[in-house]
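Taken in order, the sequence shown gives residues 0 to 147; the numbers are from numbering that gives the first Met the number 0.
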Amino acid sequence: MGLGNRLTDLQMKTMSVLHRAVLAASGGRLLASFGSMPAVELHTIGRSSGKRRTTMLTAPVHGPQRYVLIASKGGDDRHPQWYLNLVANPDVELTVHGNTLKLRARTASPAEKAELWPQIVAAYRGYDGYQQKTDRDIPVVICEPRPR
Numbered sequence: 000m001g002l003g004n005r006l007t008d009l010q011m012k013t014m015s016v017l018h019r020a021v022l023a024a025s026g027g028r029l030l031a032s033f034g035s036m037p038a039v040e041l042h043t044i045g046r047s048s049g050k051r052r053t054t055m056l057t058a059p060v061h062g063p064q065r066y067v068l069i070a071s072k073g074g075d076d077r078h079p080q081w082y083l084n085l086v087a088n089p090d091v092e093l094t095v096h097g098n099t100l101k102l103r104a105r106t107a108s109p110a111e112k113a114e115l116w117p118q119i120v121a122a123y124r125g126y127d128g129y130q131q132k133t134d135r136d137i138p139v140v141i142c143e144p145r146p147r
């Protein structure tokens with residue numbers, strides 16, 4: 000992995016750690032949302048390590064027990080690690096406003112992505128720029144309750 004990729008990865012991890020720290024220190028009052036998008040803590044299991052991993056994200060489309068996440072990595076040509084982890088193990092947890100939900104994550108089909116994309120871009124126009132920046136098809140992830 001080149002120096003540029005390592006710096007990008009370090010920057011992303013640092014932002015996530017700082018976001019979680021501010022959210023925790025403020026009792027969930029600061030940085031709980033970005034515009035209309037709630038800040039969410041995605042908990043995955045590392046596909047190589049088997050360890051619990053936590054990443055701060057936003058959910059541009061959300062409803063009761065359904066959250067849509069965007070694996071944009073700022074328009075990087077590589078998928079984010081959290082996305083690779085949930086592809087390997089789709090049983091995830093999502094903490095939203097202090098409540099942790101046990102969900103199953105899946106990549107949206109092309110038809111689902113086409114239907115969701117206008118809502119996603121309406122919530123944050125930057126996602127459209129990220130998609131234009133890369134040749135990678137940025138995955139849209141749908142998190143819904145796990146089957147019983």
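Ideal Cβ placement from N, Cα and C applies to all residues, glycine included.
No experiment lies behind these values; they were computed from the predicted model shown.
Beta-carbon proximity list for residue i, same chain, < 8 Å, skipping 5 on both sides
i, result
"residue 103", "89, 90, 91, 142, 143, 144, 145, 146"
CB-CB length for residue i against residue j, believed under 8 Å
i, j, result
"residue 54", "residue 81", "4 Å"
"residue 68", "residue 83", "That pair is no contact at about 13 Å."
"residue 74", "residue 129", "4 Å"
Candidates the options, of which the one nearest residue i by Cα
i, options, result
"residue 50", "36, 78, 87, 58", "87"
"residue 40", "97, 113, 59, 61", "97"
"residue 42", "79, 63, 85", "85"
"residue 112", "78, 56, 48, 60", "60"
"residue 63", "93, 74, 125, 73", "93"
"residue 38", "78, 70, 138, 95", "95"
"residue 137", "52, 46, 44, 72", "72"
Collapsed DSSP secondary structure at residue i in the structure displayed
i, result
"residue 122", "helix"
"residue 42", "strand"
"residue 76", "coil"
Sequence-distant residues of its chain with Cβ nearer than 6 Å to residue i (five each side left out)
i, result
"residue 135", "76"
"residue 118", "60"
Beta-bridge partners of residue i, as assigned by DSSP
i, result
"residue 104", "142"
"residue 98", "95"
"residue 62", "65"
"residue 133", "Per DSSP, none; premise fails for residue 133."
Cβ neighbours of residue i in the same chain (closer than 7 Å, five flanking residues each side left out)
i, result
"residue 108", "none"
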